[in-house]
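Beneath this line is the structure, given in structure tokens, with notes to follow.
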Amino acid sequence: NPVPYEAHMLVYNMIREKSRVLDVGCATGYFAEKLRQKKCHVYGIEIDPCAAKISKSTCEEVITTDIEEAQSLGFKRQSFDYILLLDMLEHLKNPLRVLNMLSGYLKPDGDIIISVPNIAHISIRLKLLFGKFDYENQGIMDKSHLKFLTKSSVIKLIETANLKMDDIDYSSDFGQLPVLGRIARYIPKRFQYFFTRQFNTLLSVQFILVCKSKK
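Listed below in structure tokens is the structure:
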């Protein structure tokens, strides 16, 4: 997705060229294809066999498995510069176990990059105010989500997994705001991003966290 300040673009800008990357939940490999522009070597994990087959055209290797059932992966320990969990944790029954398992494949100076939707977004708060908590086909209230995370709860999860947060960023999308969403296209993206950072727990659609293993 080429939209500035959208989560995947923010993550893309964080990754160094020629890095070795593990994309957990790589889907059809669309992000791996983007990372090839940076000459990265991308490896994937995907539960859907059909999506995994497609992603093999852009990934060096794809393991088709349920990450929650995997006891280990067929990769060398401490071999990745980046491990990506983009829009993944909210789909897991036990994200703590997955984080603990994956951290063993991270290089000592590597990063685990996580993106999660913000359940405390102002649009959700207003719906709760009027007694609504309706699942949707996509977005923050996607009906496939098993976990709903706030900024503080995802940071707590990371710390429990013996990781430390090295950086955090915030994706902006004023199109999801009540009333203001109707005029969002007239507000420059850089201004949307600025205000999202200032009032991140209210306005951020997703949190992007850069994590390192605790020494």
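In this text, residue positions in the sequence shown follow my numbering: the first is 478, and each later residue adds one.
Idealized CB from N, CA, C, for every residue including glycine.
Let me know if residue i comes out buried or exposed under the rule of 16 or more other beta-carbons within 10 Å of its beta-carbon.
i    : result
P479 : With a pLDDT of only 49 at P479, under the threshold of 50, the placement of this residue in the model should not be trusted, and no figure is reported.
E613 : exposed
P572 : buried
D611 : exposed
L654 : buried
I560 : buried
F684 : buried
N490 : exposed
E567 : buried
With a threshold of 7 Å on Cβ separation, who are the neighbours of residue i within its own chain once the five nearest residues in sequence on each side are excluded?
i    : result
A509 : D500, C503, V519, G521, S532, T535, C536
Helix, strand or coil, according to DSSP, for residue i in the structure here?
i    : result
N478 : Annotation note: pLDDT 45 at N478 (below 50); position unreliable, coordinate value reported separately. In the structure shown, N478 sits in coil (DSSP, three-state: anything other than H, G, I, E or B).
C688 : strand
L487 : helix
P665 : coil
T541 : strand
V682 : coil
S496 : coil
S629 : helix
Y582 : helix
I524 : coil
I531 : helix
Y709 : Summary: the structure shown does not reach residue 709, with the chain confined to residues 478 through 692, and so no result is reported for it.
G502 : coil
N595 : strand
K516 : coil
Y670 : helix
F651 : helix
Rounded to the nearest angstrom, how far is the Cβ of residue i from that of residue j, given a contact under 8 Å?
i    : j    : result
V631 : V575 : Not really, about 14 Å apart at Cβ, beyond 8 Å.
K570 : L623 : 6 Å
L487 : V498 : Not confirmed; about 15 Å, so no contact.
V476 : D644 : Residue 476 is absent from the structure shown; the chain starts at 478 and stops at 692.
F671 : L680 : Actually they do not touch by this definition, with Cβ atoms about 10 Å apart.
Quick check: the Cα distance between residue i and residue j, rounded to an integer number of angstroms?
i    : j    : result
I530 : D543 : For the record, residue 530 in the displayed sequence is Lys; it is not Ile. If you take the alpha carbons of K530 and D543, they lie about 15 Å apart.
Q669 : Q555 : 38 Å
I664 : I492 : 28 Å
R705 : K553 : Since the first residue shown for the chain is 478 and the last is 692, residue 705 is missing from the structure and cannot be characterised.
I590 : L686 : 6 Å
D564 : H485 : 10 Å
Y582 : S648 : 27 Å
D586 : D558 : 7 Å
T541 : G506 : 13 Å
G551 : Y482 : 34 Å
V539 : E523 : 7 Å
Please go through the same chain and pick out, in chain order, the residues whose beta-carbon is closer than 8 Å to the beta-carbon of residue i, but skip the five residues on each side of it.
i    : result
N639 : N577, S580, S690, K691
T627 : N595, I596, A597, T678
K516 : E494, K495
Would you please verify whether the beta carbon of residue i is less than 9 Å from any beta carbon of chain D?
i    : result
I544 : In the structure shown, chain D does not exist; there is a single protein chain.
Ignore the nearest five residues each way along the sequence and tell me which others in residue i's own chain have a CB closer than 6 Å to its CB.
i    : result
C688 : I589, I635, L640, M642
K620 : Y612
Taking 8 Å as the cut-off, is the CB of residue i close to at least one heavy atom of the ligand NAD?
i    : result
F672 : Of ligands this structure carries none, so the ligand NAD is not represented either.
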